[in-house]
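Going by the numbering used here, the sequence shown opens with residue -3, and the numbers climb by one from there.
Taking it in order: structure first as structure tokens, then the write-up.
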Amino acid sequence: MTTALAPSLNAADRCDRCGAQAYVRARLHAGGELLFCAHHGREHLPKLREHADIQDETERLQETPPVAALEER
-3 MTTALAPSLN
7 AADRCDRCGA
17 QAYVRARLHA
27 GGELLFCAHH
37 GREHLPKLRE
47 HADIQDETER
57 LQETPPVAAL
67 EER
């Protein structure tokens, strides 16, 4: 899998199948790209691997978001 295809996916990138946040980008060799949530990425990527370069950021789902520091009162 390739991660250097394009900038990281962000919250504005949506799954082409269901509209959820996209974590997988498939840049088609013939041109164009498809975006998928983790669920639809797992479903469709096995068929797309030979036709596209894949950017898979699903590991971000396991990250713990940073906690904001509490203000002293």
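Note that beta-carbon positions come from the ideal geometry of N, C-alpha and C, so glycine has one too.
Residue i to residue j span [Cα, whole Å]
i, j, result
"residue 20", "residue 49", "11 Å"
"residue 24", "residue 30", "8 Å"
"residue 56", "residue 41", "18 Å"
"residue 7", "residue 44", "23 Å"
Status (buried if at least 16 other CB within 10 Å, exposed otherwise) for residue i
i, result
"residue 47", "exposed"
"residue 11", "buried"
"residue 18", "buried"
Sheet register partners of residue i (DSSP bridge)
i, result
"residue 41", "Paired residue(s): none; residue 41 is not in a bridge."
"residue 21", "31, 51"
"residue 10", "17"
Spatially closest choice to residue i from the options, by CA coordinates
i, options, result
"residue 58", "39, 45, 34", "34"
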